[in-house]
Structures are given as structure tokens and as C-alpha cells.
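Protein chains: 2
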Amino acid sequence: MSESAETNAPRWRRLPGERPRQILDAALEVFGERGLAAARLEDIARSAGVSKGTIYLYFPNKEALFCEMIREIPSRHIASVEAMISEDASAREQLRQYLRNSWDYVRTPSFEILYRLILSELHHFPDLYEQFIEEVPMRSMRILGDIVKRGIASGEFRDIDPLAAGRMLHSVLFIHGVWAAKRARIPFMRDLSDNQVLDQLVDFCLHAIGQVPVPTASHVHT
Amino acid sequence: MSESAETNAPRWRRLPGERPRQILDAALEVFGERGLAAARLEDIARSAGVSKGTIYLYFPNKEALFCEMIREIPSRHIASVEAMISEDASAREQLRQYLRNSWDYVRTPSFEILYRLILSELHHFPDLYEQFIEEVPMRSMRILGDIVKRGIASGEFRDIDPLAAGRMLHSVLFIHGVWAAKRARIPFMRDLSDNQVLDQLVDFCLHAIGQVPVPTASHVHT
DNA sequence: CGAGTAAGTTACTCATGAGTCAGTAACGTT
DNA sequence: AACGTTACTGACTCATGAGTAACTTACTCG
Numbered sequence: 007m008s009e010s011a012e013t014n015a016p017r018w019r020r021l022p023g024e025r026p027r028q029i030l031d032a033a034l035e036v037f038g039e040r041g042l043a044a045a046r047l048e049d050i051a052r053s054a055g056v057s058k059g060t061i062y063l064y065f066p067n068k069e070a071l072f073c074e075m076i077r078e079i080p081s082r083h084i085a086s087v088e089a090m091i092s093e094d095a096s097a098r099e100q101l102r103q104y105l106r107n108s109w110d111y112v113r114t115p116s117f118e119i120l121y122r123l124i125l126s127e128l129h130h131f132p133d134l135y136e137q138f139i140e141e142v143p144m145r146s147m148r149i150l151g152d153i154v155k156r157g158i159a160s161g162e163f164r165d166i167d168p169l170a171a172g173r174m175l176h177s178v179l180f181i182h183g184v185w186a187a188k189r190a191r192i193p194f195m196r197d198l199s200d201n202q203v204l205d206q207l208v209d210f211c212l213h214a215i216g217q218v219p220v221p222t223a224s225h226v227h228t
Numbered sequence: 007m008s009e010s011a012e013t014n015a016p017r018w019r020r021l022p023g024e025r026p027r028q029i030l031d032a033a034l035e036v037f038g039e040r041g042l043a044a045a046r047l048e049d050i051a052r053s054a055g056v057s058k059g060t061i062y063l064y065f066p067n068k069e070a071l072f073c074e075m076i077r078e079i080p081s082r083h084i085a086s087v088e089a090m091i092s093e094d095a096s097a098r099e100q101l102r103q104y105l106r107n108s109w110d111y112v113r114t115p116s117f118e119i120l121y122r123l124i125l126s127e128l129h130h131f132p133d134l135y136e137q138f139i140e141e142v143p144m145r146s147m148r149i150l151g152d153i154v155k156r157g158i159a160s161g162e163f164r165d166i167d168p169l170a171a172g173r174m175l176h177s178v179l180f181i182h183g184v185w186a187a188k189r190a191r192i193p194f195m196r197d198l199s200d201n202q203v204l205d206q207l208v209d210f211c212l213h214a215i216g217q218v219p220v221p222t223a224s225h226v227h228t
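Chains as they are written, first to last, in my numbering: chain A, 7 to 228; chain B, 7 to 228.
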């Protein structure tokens, strides 16, 4: 029964085109779980469905695999976040859109893992770090800063340093994303839905940079 | 010369009272540099001025040392942050005071290291994690929430969920602290002084929860 | 001053896991 | 179908570092 005639099942297959991706995905999982030092290459191999030796056909060593993973993963997602901002909307509306899009990105497990690894293994890979900073937070801050700048010009937002505002907006969004990813284990996030948190974020941010306390609020004097 | 008569210099000294603290400080340094898995007990020992065996006189193993360190360090600092808030000041002024005090704490190297380790080694020590969350961010959020609540009652702040506001305020402060600790390597922090960042934080936060856009008092010095 | 003991050291064992390499199996080619 | 090539395997080596324990040294107290 183990060797039936019709199933010419090979014990393994040659898939040189797909291996790198498979290995990188497995690496994200295992490095994410245990960190760079404690992760075992054999675990990555098993999770990728290959043997340890195969990893060395595609990556020179553990560190290189790690770096390649950090380099490769974010580029898959980011572009999509930026694309969908309506050119002709008001600055306030653009801000809402961008926060909503980023919120989706920033909550993905891979973002949380990547950020955690970057933060903790930082020291030893300065170039990698700079690249990540440039590619994720800086980019986000610049876009936010531009929206703020336009909002100031149009009178929607108060006179605030756009770069500083971009940094603030990014920071609050970003950290809430990290928290949301492990929401179940964080008391102050457990009872909130993703949308509730997003609403709170938008509300907070719009008030922080808004010209007036937002349309309705000028008469709240109980 | 090597064995002079009058210097009865012992090769090492018995200091059972001071060892734990010395070892914990060394542990912070080495774990902070390399992470839990990659840190070598011998490095910690050398940095503490003892031999490896001595560590095992005070801590059962590497993990226990790590946990004890995480548990012990924050308790040294935190209380001081909370003490100095004037009871009779306005909510806005209390908020300013608290942000300034926290800003000092959150920028210390040990905070940055601790937070980084907590974040990355988390998975494997759930109780430790919960304790930290409770002791640092939750505590901070609650205090901020209380100040906000008082400010709403007094009409200084707009009608906002105090817990949510506390979370927002904490998040933005917190992440800026982490960034400030490695400021030199972060492009968007390099050109700002600690006080400038603090001013930006205070400005942003007060506008976010303020009833009105704040009476032009944005540059209050030390 | 000289046991006795607490504190500390050093040399050791032993498990672990990165990296290697000789061999094996899939697959294209003719 | 036999051959050659290339993808892949898995058993090996070897360095490393946690944990241990037999030994040594500082200090105490009668």
C-alpha cells in the first residue's frame, strides 16, 4: 500500500523558484516566535517543508536569511496603503482615509513581528535599521506631514509644524497597531473593537491639529 | 613588588549584600546589548566583577536572573514620577507636569532597554508581561485618565472618554521616549532637543483634548 | 590564633544547534 | 530508457555556552 502503482509520488519535489519565498515565510514565523538567536534553522526548514541543507542553497547563513527577510517583507505591503488617497478630498477627509488604510496595515501580524524584531535586533544591523526607518515610519510621517500642510493652507488645520504633526500622528497610530496585534493580552485593549479604536484615533488626531474643536463642539458648556 | 607586605590586598571580597544588585545591573547591560538568548552569563559575571559561579549563588539560572531583572528595575524609578503633581493646580497644568515628569523617566536608557526586552521576550513570560503592563503603561494611563476627567469636570477639556484619552496621551509620550533614547540614529529626531520634543508633545496633547485651541501659551519654558 | 563556615572561583561536563558535505533522488534531454 | 545535471537530503563535525561541583579564599568568633 505504501508504494501504490499509480501514485508515482516523489518524496520531494524540485521547486527552485518557490523555495526562497517559502523559506522567508517560515523564517518570519520562527524568528517571530523565538527571536534571532534562539530560532533554530531546523524549525524554519521544517516549517518551510524542506531540510536544513536546502536553506543553505539559497542563503549563506542564518543572519543573511534574517536580514533578507526584514528587507523583503515590508515591501510587499506598503505601496498599497499609499495608493488609495483621493486627490480632491479635503485634507480632513484625506487624513481619515490615510489613517484608516494605515490602520489596516499596522495591525497585520507580519507588521507587528517585523517591528518587534527590528527593535530588538537593531544594534547589530545598522544599515537594515536605517532602511526600515526610511521605508516605513519616515515615509508614513512625510505623507501625513503633506496632508497636514495642505490642511493648514486650506484653513482646515491650525498653524502647526507639519513634520512634528506627522510624527505625532504616526506615533499614535503605530503604537496602537502594535498593541492591537496582541490585543487579547493587553487589558486596556481587550474590550475595544478595531473600529472603535480607529474612531478614537481619528477623533483624537483631528482635534489635535484641527483649526476649531470640530464642527459641533463649540457650544459644549454643560 | 607584587606581594608587598603591607597591602594585604585580597584577590576578591565577600559582599553578599551587594552582589544581587551588581549582578542585576550587569544583567541589564548585557541583556540589553544582546538579548536573552545571545547574552553570555560570563559576560554578565565579568561586568559585575565576579565569576560565573557567583551568579548561581544568587539566581537559580539565566531565565530567573532575567525575570528578576525585569521585575526589579522599574520599581526603582516609577514612584518618583507620580509624586510630584500639585494637587491644587489646574488640570491643564497637572497634565503639563505629568508629561514633563514622565518624559524624564521614559527617556532613561534603562527604560528603553527594559521596554525593548519586554517587547521581544514577552511570549515566554506571560506573568512578567502582565505585571509590567500593569505597573508601567496601565498606571500611567490611569493617572492621565484621572487628570483628563478632572479637566472635563472643570470645563478645561472637551467631553472625551478619559480612558481613551489617557491611552492616547501615554502612547504618544511613550513612543517618543523610546525614539529619544536612540535619537542619534533616527533621522527625524536628530535635529530636535529633548525640550523641543517635549514642547511639541504638550502642544499636541493639549490641543487634542482642550476645550478651545488653548490661549496662545504654547512656549512655556522650564 | 586557628578552626569553621560562608562566599567565591575555576575547570569541568554535556546538550545544543550552526554549518558542511558526501550521497541520493527528481527531472530535462536526446 | 539511459544519462547528466541540479535540487535536495540528513548524518556528521565542531564551537559554544549553560550549568555543576570540587576546590580555595576571605572572614568570624570562641
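For each residue, glycine too, the CB sits at the ideal point set by N, CA and C.
With H, G and I counted as helix, E and B as strand and the rest as coil, what does DSSP make of residue i?
| i | result |
| --- | --- |
| Lys58 (chain A) | helix |
| Ser224 (chain B) | Low confidence applies to Ser224 (chain B): its pLDDT is 45, below 50, so where it sits in the model is not reliable, and the reading given next is rough at best. DSSP places Ser224 (chain B) in coil when its eight states are reduced to three. |
| Trp18 (chain B) | coil |
| Glu74 (chain B) | helix |
| Leu42 (chain B) | helix |
| Ser10 (chain B) | With a pLDDT of only 43 at Ser10 (chain B), under 50, the local geometry of the prediction cannot be trusted, and the value read off the model is given with reservation. In the structure shown, Ser10 (chain B) sits in coil (DSSP, three-state: anything other than H, G, I, E or B). |
| Lys68 (chain A) | helix |
| Asp110 (chain A) | helix |
| Phe131 (chain B) | coil |
| Glu24 (chain A) | coil |
| Ser92 (chain B) | coil |
| Asp152 (chain A) | helix |
| Ser199 (chain B) | coil |
| Ile192 (chain A) | coil |
List the residues that DSSP assigns as beta-bridge partners of residue i.
| i | result |
| --- | --- |
| Gly216 (chain A) | A:Phe163 |
On the premise that residue j lies in contact with residue i, defined as a C-beta separation below 8 Å, what is that separation, rounded to the nearest angstrom?
| i | j | result |
| --- | --- | --- |
| Ser177 (chain A) | Ile181 (chain B) | 4 Å |
| Ile158 (chain A) | Leu123 (chain A) | About 37 Å separates the two Cβ atoms, so there is no contact after all. |
| Ala33 (chain A) | Ile50 (chain A) | 5 Å |
| Val203 (chain A) | Ala186 (chain A) | 6 Å |
| Val112 (chain B) | Gly183 (chain B) | 3 Å |
| Leu128 (chain B) | Cys73 (chain B) | That pair is no contact at about 12 Å. |
| Lys155 (chain A) | Pro168 (chain A) | 4 Å |
| Gln100 (chain A) | Arg164 (chain A) | The Cβ separation is near 17 Å, so there is no contact. |
| Arg98 (chain A) | Glu162 (chain A) | 5 Å |
*When Cβ atoms are compared, which residues of the stretch 14-46 of chain B fall closer than 8 Å to chain A?*
Identification of residues in the stretch 14-46 of chain B having a C-beta nearer than 8 Å to some C-beta of chain A yields Glu39, Arg40, Gly41, Leu42, Ala43 and Ala44, given in sequence order.
*Answer yes if the stretch 139-150 of chain A comes into contact with the stretch 82-94 of chain A, meaning at least three C-beta pairs across the two stretches below 8 Å, and no otherwise.*
With the cut-off at 8 Å, the stretch 82-94 of chain A and the stretch 139-150 of chain A touch.
_the stretch 25-33 of chain B contacting the stretch 59-72 of chain B, beta-carbon criterion three pairs below 8 Å_ = By the C-beta criterion, the stretch 25-33 of chain B is judged to be in contact with the stretch 59-72 of chain B, since at least 3 inter-stretch pairs fall below 8 Å.
*Any residues in the stretch 136-161 of chain A with a beta carbon nearer than 7 Å to a beta carbon of chain B? Which ones, in chain order?*
Of all residues in the stretch 136-161 of chain A, only Ile139, Met144 and Met147 place a beta-carbon less than 7 Å from a beta-carbon of chain B.
_Interface positions of the stretch 60-93 of chain B facing chain A (Cβ-Cβ less than 8 Å), listed along the chain_ = Taking 8 Å as the Cβ-Cβ cut-off against chain A, none of the residues of the stretch 60-93 of chain B qualify.
*Does the stretch 151-160 of chain B touch the stretch 73-82 of chain B, meaning 3 or more C-beta pairs lie closer than 8 Å?*
With a cut-off of 8 Å, the stretch 151-160 of chain B and the stretch 73-82 of chain B do not count as touching, because too few Cβ pairs lie within range.
*Looking at C-beta atoms only, is the number of pairs between the stretch 115-134 of chain A and the stretch 33-47 of chain A that lie closer than 8 Å three or more?*
Three or more beta-carbon pairs drawn from the stretch 115-134 of chain A and the stretch 33-47 of chain A are found closer than 8 Å, and the two stretches are therefore classed as touching.
*Do the stretch 194-209 of chain A and the stretch 105-114 of chain A touch if we need at least three Cβ pairs shorter than 8 Å?*
Yes, they touch.
*For the stretch 101-120 of chain A, which residues have a beta carbon sitting closer than 8 Å to at least one beta carbon of chain B?*
Residues: none.
*asked:* Short of 8 Å Cβ to Cβ, which residues in the stretch 193-210 of chain A face chain B?
replied: The residues in question are Pro193, Phe194, Gln206, Leu207, Asp209 and Phe210.
*Which residues, in order along the stretch 171-182 of chain A, keep a beta-carbon less than 8 Å from a beta-carbon of chain B?*
Cβ contacts with chain B come from Ala171, Arg173, Met174, Ser177, Val178, Phe180, Ile181 and His182.
*Listed from N- to C-terminal order along the chain, which residues in the stretch 122-133 of chain A have their beta-carbon within a distance smaller than 9 Å of any beta-carbon of chain B?*
Listed in chain order, the positions of the stretch 122-133 of chain A with a beta carbon within less than 9 Å of a beta carbon of chain B are Arg122, Leu123, Leu125, Ser126, Glu127, Leu128, His129, His130 and Pro132.
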